[in-house]
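Numbering (full-length UniProt numbering), first residue to last: 1 to 189.
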């Protein structure tokens, strides 16, 4: 397991890179379908990484608690080398209730992960909807919480602070500390 810290290619205010990906529900999902939400949390994640698994419950809670926020998990890992990250396994996690995000998508080509500059699992990106520009714009990229190891109990939830700021129509005033997790398993590494 290679531990990585995120270092996004995106800057605050940048639009969310477009995507259209297959979901664990068997449907295709595109960025535009989430435009009715005030915020969009895109988390590059997977099934097998202990760092990603440690955040399943938090992401499920966020999806349940915030009606105006879409929580979208995107799994870009090489499923040939890591079969636990296959679309079939993703479907199992959704069907048994382990994952209850608004959408859990498969980035088979890894093009979406590259467009976002994702490097680890989990790697979260929070976007706020801009009515003026009619697009999601990046407001926060960094840690979900302050628990850096899978067995640690968090004491601060930066992602909740960021979401609450967006929903209160305030600027997100958080230092972007890199998220930490397993490296994305690229097909060409």
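All C-beta atoms, glycine included, are put in the ideal place defined by N, C-alpha and C.
Keep in mind it's a predicted model, so treat the numbers as computed, not measured.
For residue i, the first and last residue of its enclosing beta strand (DSSP E)
{"i": "residue 100", "result": "No beta strand (DSSP E) holds residue 100; DSSP gives it neither H nor E."}
{"i": "residue 177", "result": "Unbroken run through residue 177: none, as it is neither H nor E."}
Supposed close pair residue i, residue j - CB separation, criterion 8 Å
{"i": "residue 85", "j": "residue 75", "result": "6 Å"}
{"i": "residue 144", "j": "residue 38", "result": "At roughly 19 Å, the Cβ-Cβ gap does not stay under 8 Å, so residue 144 and residue 38 are not in contact."}
{"i": "residue 146", "j": "residue 160", "result": "Not confirmed; about 12 Å, so no contact."}
{"i": "residue 116", "j": "residue 31", "result": "Residue 116 to residue 31, Cβ: 11 Å. No contact."}
{"i": "residue 16", "j": "residue 40", "result": "7 Å"}
{"i": "residue 78", "j": "residue 186", "result": "7 Å"}
Rounded separation between residue i and residue j - CA only
{"i": "residue 64", "j": "residue 119", "result": "27 Å"}
{"i": "residue 88", "j": "residue 127", "result": "29 Å"}
{"i": "residue 107", "j": "residue 61", "result": "23 Å"}
{"i": "residue 23", "j": "residue 170", "result": "32 Å"}
{"i": "residue 132", "j": "residue 151", "result": "42 Å"}
{"i": "residue 71", "j": "residue 80", "result": "26 Å"}
{"i": "residue 19", "j": "residue 29", "result": "8 Å"}
{"i": "residue 3", "j": "residue 36", "result": "Low local confidence applies: a pLDDT of 49 at residue 3 is under 50, so the model's placement there is unreliable, and no value is given."}
Residue j beta carbon less than 8 Å from that of residue i
{"i": "residue 98", "j": "residue 44", "result": "no"}
At 3 residues or longer, what runs of the beta strand (DSSP E) sit wholly inside the UniProt domain "Thioredoxin" (10-168)? 20-23, 28-30, 39-44, 69-75, 103-106, 123-130, 135-141
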